[in-house]
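Report on one structure; see the data block that follows.
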Amino acid sequence: MDASNTGLCALDTSRREYIRLQYSDEECAELQSGSYQNSINVREIQSAVLAALLWGPHWQNASPTQPTHVQFHIDNMSAVSWASRRYSRHPTAQLYNRLIAMVELKYGLFLTAIHIPGKLNTMTDAGSRAWTESHPLWATWSDLSCAWTQRVGAILCSHALARSSNMKYNANWKQWRRFCKLMGWHTWLPDSGRASSNKLIYFVIYLWKYGGNNARRGNQHNTIQSKLSSVIWYHRRYCGLQLRRSPQMTILLQGIKRMSDPVRKKQPVTPAFLRLLRRSLNFTQPRDRLLVGSVLIGYFFLLRRSEYLAIGKRRSLYCLQTKDVFFADSNGNQVTASSASAITIGLRGAKNDQYGRGSWRTMHHLAIDHYARSEP
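Each residue of the sequence shown is one higher than the one before, counting from 18 in my numbering.
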């Protein structure tokens, strides 16, 4: 691994993967000023930390009693000493050492470092510097890395879609592959020309007529749009090809939209419905109490069913948990139910929370009292 004033690079020779990180213009200007906080020694160990965080899960040994020994080859003596001894007076290096120790503990690794002469560190030296074709080391980097895979790019691209969307796109892509096999075509379209556009048109017609399902029932307009977008996204993601919808495709989709069934919208839950539900239930029965409680939680906290209910036998990872619900006073402090003026719930995620940030929602007693008084 190696670092420079413009970026860093790390290699995993066993997997033939590399990590490259280019610094922004602001970061480069700060480095040129000779900042102690981001000295070259710190940047050298930074590449080791990044490699440990990204490749740690793959280095993990199946046996919990036998840690995997991974050795970093660094051409900076200070970084080698810091990473090996886990000791430094530099505050940033101390942080990086704690991260390395955390990776060791989490994945059962034993990480060490040894020095490699700079003249032998050819590939990473070029990888941390050659960011443009005009750079003197560009040819060296291109020749040595042509058969390698960039790890960071693959990770970032894999998170371009939400998990649920990724599963849906994958299912749609498999249907496209089956259609291409049926037609005797190659799965990947070569370009965005007329021939490729015609193949997409044939796929749309097939979906409208047969749907690609066991019942051989044609798909509606929205479903066809989703499957077509999946095919276009896969070509953009893996081929760097932006397929375009031709005018004929646009007209065809407009016709399908007119011939598709209208969207059946679900009716909203109203206070009148809640009052009717309450009058029809027997609160001496645990099942009825659970039913009305679930409906009220979803109504007042505006929850999707996946956020607080099991769907079939499956519960979402972000489903509401008992420990994330508490009674609070007017200042937001946790109190007992008898002295509470609000209820707060914590959501670890949501269907549309692509970044997994979660959220907290609070419902004050006024809304609940209003519902309680509304029953005749």
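Don't be surprised by glycine CBs; every beta carbon is placed ideally from N, CA and C.
Scanning the stretch 314 to 390 from its first residue to its last, the whole beta strand (DSSP E) runs of 3-plus residues come out as 342 to 345, 359 to 364 and 376 to 381. DSSP places Thr129 within a strand segment (E or B) once states are collapsed to three. For Asp29, the enclosing beta strand (DSSP E) starts and ends at Gly24 to Asp29. For Thr139, the enclosing alpha helix (DSSP H) has its first and last residue at Thr139 to Gly144. By the neighbour-count definition (other C-beta atoms within 10 Å, threshold 16), Arg304 is an exposed residue. Judged by their CB atoms, Ile133 and Asp92 are nearer to each other than the 9 angstroms cut-off.
Looking at the backbone, the Cα of Gln242 and that of Tyr186 are separated by about 12 angstroms. Under the DSSP assignment, Glu43 falls in the alpha helix (DSSP H) whose first and last residues are Asp42 to Gln49. Ranked by Cα distance from Phe196, the first of Ser105, Lys216, His152 and Asp208 is Lys216. When the Cα atoms are used, Val221 and Lys282 turn out to be separated by approximately 25 angstroms.
A straight line joining the alpha-carbon of Tyr104 with that of Ser98 spans about 8 angstroms. If you check the CB distance, Gln63 and Ala118 do not come in under 9 angstroms.
Note that the stretch 232 to 241 does not touch the stretch 193 to 209; fewer than 3 beta-carbon pairs, one per stretch, sit closer than 8 angstroms. Listed in chain order, the non-local C-beta contacts of Lys274 below 6 angstroms within the same chain comprise His238, local neighbours out to five positions each way being set aside. In the structure shown, Gln284 falls within a coil segment according to DSSP collapsed to helix, strand and coil.
Cβ-Cβ separation between Leu320 and Val309: approximately 15 angstroms, too far for a contact (criterion under 8 angstroms). Taking all protein chains shown into account, Tyr113 has 16 or more neighbouring C-beta atoms within 10 Å of its C-beta and is therefore buried.
Cβ neighbours of Glu47 within its own chain (closer than 7 angstroms, five residues either side excluded): Asn55. Take Trp165, set aside five residues on each side of it, and the residues of its chain with a beta-carbon closer than 7 angstroms to its own are Arg33, Glu34 and Tyr35, in chain order. In this structure, Gln259 sits near Ile249, with a CB-CB distance shorter than 9 angstroms. Annotation: the continuous beta strand (DSSP E) that includes Thr85 extends over Thr85 to Ile91.
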